[in-house]
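Convert by adding 24 to the 1-based position in the sequence shown; the result is the number in this note's numbering.
Heads up, the beta-carbon is just placed ideally off N, CA and C, and yes, glycines get one too.
The next block holds one structure in the form of structure tokens; read it before the comments.
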Amino acid sequence: MFKKIKLSIEDIAVMPVSEERKEILQPLAEFIMKKADAGERINLNFICTHNSRRSHLSQIWAQLMAEHFSLKNVFCYSGGTEATAMFPKIAEILHTQGMEIQKLSETDNPVYAVKYSENAHPVICFSKRYDDSFNPVSGFAAVMTCSNADAGCPFIGGAEKRFAVKFDDPKSSDGTHEMDRVYFERSLEIAAEMYFVMNLASGPNQNTDGSK
């Protein structure tokens, strides 16, 4: 991984996750662990209403942390109940945290390639519905990252399991002097929780540096 990402992970590793949040996140970790132990493909689809902020942060950090903890066959996606666009501040914040961001298209719904390692495939990000053809159609975990999507989608077709791991929306800070801080902190919060999930899923013999 890029040097700056490694430094970010060192900070993320010591960030506290509350017992309440651990209880919410543990079933997702157990799902991943069970699939990993069986040698099965692990598809995670992070879903929020507009697929513009929290779902992308969750997708990217989950993929990164899966690699950090050497979890194989983990493939992370994101989607919404409607398509809009990935909010530009997401790319900006991830860049400050050490990722390389390439904007692949100049449209109302741009496509981004987010890279965190010299040798890993970039995470491809753009806003889409959760059932877009870019995403898996069956056998995936639907990970609901916002309350609106969780309430608005009582049924996710094709999902093997469904988990609600809702985060506060950084959009509430848009246009204020707190905006950079709020987005940075939300990204770190999601990163810390995905670190917890993948660390737990990797098994009891896993060290926090990703080695066994």
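Original post:
Do I214 and S82 have their C-beta atoms within less than 8 Å of each other?
Top reply: yes
Original post:
What are the start and end residues of the beta strand (DSSP E) that includes S102?
Top reply: V98 to G103
Original post:
Between M218 and the rest of its own chain, which residues show a CB-CB distance below 6 Å, the 5 nearest in sequence each way excluded?
Top reply: W85, A86 and M89
Subject >> Supposed close pair N75, S102 - CB separation, criterion 8 Å >> reply: Between N75 and S102 the beta-carbon gap is near 6 Å, inside 8 Å, which marks them as a contact.
**OP:** Say whether the stretch 142 to 160 touches the stretch 51 to 59, bearing in mind that this needs 3 or more beta-carbon pairs closer than 8 Å, one atom from each stretch.
**Re:** Not touching, per the Cβ criterion.
Original post:
Going by the CB atoms, is the gap between L49 and F208 shorter than 8 Å?
Top reply: no
Original post:
Just how far apart, CA to CA, sit A109 and D132?
Top reply: Cα-Cα distance, rounded: 7 Å.
Original post:
Looking only at its own chain, which residues have a Cβ that is under 6 Å from the Cβ of M203, when we skip the five neighbours before and after it?
Top reply: Only S197 meet the Cβ criterion.
**OP:** Confirm, please, whether the CB-CB distance from L212 to I71 is below 8 Å.
**Re:** no
**OP:** With distances taken Cα to Cα, identify the nearest neighbour of S226 among D61, P112, S32 and E47.
**Re:** D61
Subject >> P51 beta carbon less than 8 Å from that of F158 >> reply: no
**OP:** Take S94 as the anchor and find which of E184, M25 and K46 has the nearest alpha-carbon.
**Re:** M25
Original post:
Grouping DSSP H, G and I as helix and E and B as strand, with all else coil, what is R65?
Top reply: coil
Original post:
Just the Cα atoms here: how many angstroms apart are N229 and N223?
Top reply: Confidence is the limiting factor: at N229 the pLDDT is only 49, short of 50, which leaves the residue's position unreliable, though a coordinate-based value still follows. Their Cα atoms are separated by approximately 10 Å.
Subject >> Ranges of the alpha helix (DSSP H) found wholly within the stretch 163 to 226, counting only runs of at least 4 >> reply: For the stretch 163 to 226, whole alpha helix (DSSP H) runs of length 4 or above, ordered along the chain, are 171 to 176 and 203 to 225.
Original post:
How close, in whole Å, do the beta carbons of A107 and K152 come, if the pair is a contact with beta carbons under 8 Å?
Top reply: 5 Å
Original post:
Anyone know if the C-beta pair for G166 and N97 falls short of 8 Å?
Top reply: One detail in the question is off: residue 166 reads as Ala in this sequence, not Gly. Not closer than 8 Å, so no.
Original post:
Out of curiosity, what's the CA-to-CA distance linking E64 and G163?
Top reply: 10 Å
Original post:
How is K139 classed by DSSP in three states: helix, strand or coil?
Top reply: strand
Subject >> Nearest candidate by alpha-carbon position, reference I66, set K113, P40, F99 and T73 >> reply: F99
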